[in-house]
Amino acid sequence: MYKMIGYLSSFLAHDEKCESYLIFSGETNLGNSVRILLYFLGLAYCFIGLSAITSRFFQSMENVVKHSREVVVIDPVTKAETIRHEKVWNYTIADISLLAFGTSFPQISLATIDAIRNLGDLYAGGLGPGTLVGSAAFDLFPIHAVCVVIPKAGELKKIADLGVWIVELFWSFWAYIWLYIILEVWTPNVITLWEALLTVLQYGLLLIHAYAQDKRWPYISLPIARDERPEDWVPEETPKQKSHERVECSEINHFNEENGDTVDIFSIHSENPRDMSYVRVPQIDDAENSDKVIETRLEDTCLLTIWKQQFVDALTVESQESKKMNNIYIRTARIFWQLLLLPWRFMFAFVPPCHIAHGWISFICSLLFISGIAYIVTKITDLISCVTGINAYVIAFTALASGTSWPDLVASKIAAKRQKTADSAIANITCSNSVNIYVGIGVPWLIDTLYNFIAYRQPLRIQNAGGLSFSLIVFFATSVGCISVLVARRIVFGAELGGPRLWAWITCAFFMLLWIIFVVLSSLKVSGFI
1 MYKMIGYLSS
11 FLAHDEKCES
21 YLIFSGETNL
31 GNSVRILLYF
41 LGLAYCFIGL
51 SAITSRFFQS
61 MENVVKHSRE
71 VVVIDPVTKA
81 ETIRHEKVWN
91 YTIADISLLA
101 FGTSFPQISL
111 ATIDAIRNLG
121 DLYAGGLGPG
131 TLVGSAAFDL
141 FPIHAVCVVI
151 PKAGELKKIA
161 DLGVWIVELF
171 WSFWAYIWLY
181 IILEVWTPNV
191 ITLWEALLTV
201 LQYGLLLIHA
211 YAQDKRWPYI
221 SLPIARDERP
231 EDWVPEETPK
241 QKSHERVECS
251 EINHFNEENG
261 DTVDIFSIHS
271 ENPRDMSYVR
281 VPQIDDAENS
291 DKVIETRLED
301 TCLLTIWKQQ
311 FVDALTVESQ
321 ESKKMNNIYI
331 RTARIFWQLL
341 LLPWRFMFAF
351 VPPCHIAHGW
361 ISFICSLLFI
371 SGIAYIVTKI
381 TDLISCVTGI
391 NAYVIAFTAL
401 ASGTSWPDLV
411 ASKIAAKRQK
421 TADSAIANIT
431 CSNSVNIYVG
441 IGVPWLIDTL
451 YNFIAYRQPL
461 RIQNAGGLSF
471 SLIVFFATSV
481 GCISVLVARR
491 IVFGAELGGP
501 RLWAWITCAF
511 FMLLWIIFVV
521 LSSLKVSGFI
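As C-alpha cells, then:
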C-alpha cells in the first residue's frame, strides 16, 4: 500500500522535463500538464482516424471476399451445360484470415513498427506485445459484453457450427499457453529464431485445421454436426450509408461516411451471387423498353465519377437528413463531428474505389493508411510515457489496446445485430486473439530475432518478460470464466447471445468485471506493486 501511495505521489509530482517532441521542439517548453492533455487528445484523434479508415477498409474487404467465379456444370445424362456462380472464398477461411486479420491490423501494424524501430537492439520493444495482450483481453471481455446485449429482448442467437468454434477456441487458448512456454519454460526471458518462426507457422496450422473442420475431413475434424445455416446468411437490407447519384453512365452506388457507421462487411456470407461491379443503368427512352433495366460493367468514366464523389462526400459537412432536423443542438453537434472528421475523410478519399480489381487495390491502400496512423500512435505513446512517467506497458494494456481494438468491436457488433447466428460475431473475437499472437507478436519477433541472429548471433531478449507472463496467466484464468459463462448460456438459454434482458445485462456486467480485473492486476504487476 505504501509503495502504491509513493508511486501515485511521484506521478502527480512528476516534473522531470521530457526532451522528446512530436512535431516541433517548442513542445518541450510547454508544461507537463499541457503536453499530457495535448498528447492524449492527439491519441484520441488518431483512434478516430483509425475508425474512419476502417470503414473504407471493410468495404474493400467485402468486395474481395464476395468475388465469385463461373463454374460450368455438365449434366451426365443430358450433357446440358449449366453455369453457376461459386464464391472464391470459404466462409471459415474468410472469417479467420481477412476478417480477423483486418480487424487486428492496427495492433499488428503497431507491433511491427515497434519491432522495426528496435532493430539492432538486443531487447525487444514492449509496446507491441503489451498492446496485443491487452487487445486480446479487450476483445474477449468488453466485446463479448457488447455482443450479448445487442440482440433484441428475447431474441436468441447461437453458434451454428460448434465444431469450427471449438477449433478456433482451442488455437486461441493454445496461443497464450505457447507464449507462456517460450517466455518462461524453454528459454526464459529470451526468444530464439526458431521459437519466433514456429509462432508464425502456427497461424497456418490454424487455417488448415479450421478449414478441415468446416469441410468435415475424416480423422482431423470433430464429429460435431453443424446446425442448418439460414438460406440468407444476412437479411437483405439497404445500409443507411449507401447513397445514390444519377449520372450519365449509370446510377452509381457509392459509400457515404456521413453517419460515421461501418459498412456491412458481413454480406460476405450472403448467398446472393450478384457482383456489385454491375450497376443499373437509366431506363431507355423508347416506349417499348421503358420498363427494362440493363446491367453493364462499370466503365472507367464511372469509376472516376465514384472517385470524385468520394471527395464530394468527404467535404460535405451537413447532409440533407441533418438539414431537416428541428433540434438545433443535435444538428450543431453533428456538424461539429463532421468538421472533426473532415481531415481524415478527405485524406482517405484518395483511396481508390473498391470496385477496381475486386477491391484489392483499395484493400492494400487502406492497410498503408492504417500503418501510417499506427506509427503516429507509437510516437505519441512514447511521449505520453516520457512526460507522465507511466510505464509504457500500462498505456499499452489500457489506452492503446482499447483504441486499436475499435475495429474488432464494430465488426462483432454488426455481426451480432444483423446475422441470424452468432458465428461471425464470436469467431471474430476468438480468431482475432489467435492472430494477435501468431501474427501480431510472431512476425515482429521474427523480424528482430532474424536481424539479431544475422548481425550478432544473439537471440532476442525480453526486458519485462515477468510482467508479460503474469498478464498471460491472469488472462488465461479470466478467459476460462468468460468461456464458462458462454457455455452455461448455451445450456440454459440455448444460445450464447441475447435472451432475457436481465440475464443478458448481468452477463455483460460480469464480462466487464473480468476485464477490469485483468487491467488492474496486469498494471500493478508491470508497475512493480505485486
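In terms of the UniProt record's numbering, the sequence shown is residues 1 to 530. Each residue gets a CB set at the ideal place from its N, CA and C atoms; glycine is no exception.
Have a look at residue i and residue j and give me their C-alpha separation to the nearest angstrom.
| i | j | result |
| --- | --- | --- |
| L427 | N32 | First, the residue type needs correcting, since residue 427 is Ala and not Leu in the sequence shown. Rounded to the nearest angstrom, the two C-alpha atoms are 43 angstroms apart. |
| A137 | S68 | 36 angstroms |
| V526 | L162 | 37 angstroms |
| K324 | G42 | 33 angstroms |
| W360 | M61 | 8 angstroms |
| residue 531 | W186 | Outside the shown range of the chain (1 to 530) lies residue 531, about which nothing can therefore be said. |
| R490 | F336 | 44 angstroms |
| A411 | F141 | 15 angstroms |
| A316 | N327 | The amino acid occupying residue 316 in the given sequence is Thr; Ala does not appear at that position. About 20 angstroms. |
| M512 | F363 | 33 angstroms |
| K158 | A422 | 5 angstroms |
| V312 | Q107 | 31 angstroms |
| R84 | K215 | 21 angstroms |
| T54 | P223 | 37 angstroms |
| V279 | C354 | Reliability of the predicted coordinates at V279 is poor, the pLDDT of 35 falling under 50, and the value obtained from them is presented with this limitation in mind. Approximately 14 angstroms, taken between the alpha carbons. |
| L486 | L30 | 50 angstroms |
| V492 | S484 | 12 angstroms |
| W515 | F476 | 12 angstroms |
| S479 | F173 | 9 angstroms |
| G204 | F57 | 23 angstroms |
| T378 | G26 | 20 angstroms |
| C482 | V34 | 40 angstroms |
| K17 | S319 | 46 angstroms |
| G466 | F40 | 28 angstroms |
| V435 | D75 | 43 angstroms |
| A455 | A111 | 21 angstroms |
| G120 | N464 | 18 angstroms |
| R334 | Q309 | 21 angstroms |
| N259 | V148 | Here the model assigns N259 a pLDDT of 45, short of 50, so the residue's position is not dependable, and the following value carries that caveat. Rounded to whole angstroms, N259 to V148 spans 24 angstroms at the Cα level. |
| T305 | T192 | 52 angstroms |
| V519 | G528 | 14 angstroms |
| F510 | P218 | 39 angstroms |
Relative to the ligand ATP, is the shortest distance from any of its heavy atoms to the C-beta of residue i smaller than 7 angstroms?
| i | result |
| --- | --- |
| W515 | As far as ligands go, the structure on display features none, and thus does not contain the ligand ATP. |
What does DSSP give as the partner residues of residue i in its beta bridges?
| i | result |
| --- | --- |
| Y438 | Paired residues: none, contrary to the question. |
| G498 | L156 |
| H67 | DSSP lists no partner for H67. |
| K516 | Here the sequence assigns Ile to residue 516, which means Lys is not the residue at that position. DSSP, once it has assigned bridges, lists no residue as partnering I516. |
| E86 | R69 |
| I113 | For I113, which the question treats as bridged, DSSP gives no partner whatsoever. |
| E81 | I74 |
| I191 | L460 |
| Y123 | R461 |
Taking residue i and residue j to be in contact with their CB atoms under 8 angstroms, please state how far apart those CB atoms are, rounded to whole angstroms.
| i | j | result |
| --- | --- | --- |
| A210 | I220 | Not really, about 11 angstroms apart at Cβ, beyond 8 angstroms. |
| S20 | L521 | So it is not a contact: roughly 30 angstroms between Cβ atoms. |
| Q458 | L122 | 6 angstroms |
| I462 | V190 | 7 angstroms |
| P444 | D114 | 7 angstroms |
| T131 | T430 | Between T430 and T131 the Cβ distance is about 19 angstroms, and since that is not below 8 angstroms, they are no contact. |
| D139 | S432 | 5 angstroms |
| Y176 | I437 | 7 angstroms |
| L409 | Y180 | Not confirmed; about 26 angstroms, so no contact. |
| residue 549 | S402 | This structure cannot speak to residue 549, because the chain is shown only from 1 to 530. |
| L183 | L468 | 6 angstroms |
| F346 | F369 | Not really, about 12 angstroms apart at Cβ, beyond 8 angstroms. |
| S366 | V351 | 6 angstroms |
| residue 552 | A124 | Not covered by the structure: residue 552. The range shown for the chain is 1 to 530. |
| R501 | A153 | 5 angstroms |
| L207 | S97 | 7 angstroms |
Report yes or no: do three or more beta-carbon pairs, one from the region 58-68 and one from the region 89-102, lie closer than 8 angstroms? The region 58-68 vs the region 89-102: in contact.
For a minimum of 4 consecutive residues, which ranges assigned as the alpha helix (DSSP H) are wholly contained in the region 311-355? Qualifying alpha helix (DSSP H) stretches, in chain order: 320-323, 328-348.
Tell me, please, whether the region 46-59 touches the region 367-379 by the rule of three or more beta-carbon pairs shorter than 8 angstroms. Output reads yes: the region 367-379 touches the region 46-59.
The region 385-405 contacting the region 129-136, beta-carbon criterion three pairs below 8 angstroms: With three or more CB-CB distances shorter than 8 angstroms, the region 385-405 counts as touching the region 129-136.
Per the contact definition of three or more C-beta pairs closer than 8 angstroms, is the region 70-77 in contact with the region 95-112? Taking a cut-off of 8 angstroms for Cβ pairs, the region 95-112 and the region 70-77 do not touch, as fewer than three such pairs fall below it.
May I ask you to verify whether the region 443-457 touches the region 192-211, counting CB pairs closer than 8 angstroms and requiring at least 3? Yes, the region 443-457 is in contact with the region 192-211.
What are the complete alpha helix (DSSP H) segments, minimum 4 residues, inside the region 401-489? If we require 4 residues or more, the alpha helix (DSSP H) runs fully inside the region 401-489 come out as 401-404, 406-418, 423-435, 442-455.
Okay, do the region 143-159 and the region 488-507 touch, 3+ Cβ pairs below 8 angstroms being the bar? Segments in contact, yes.
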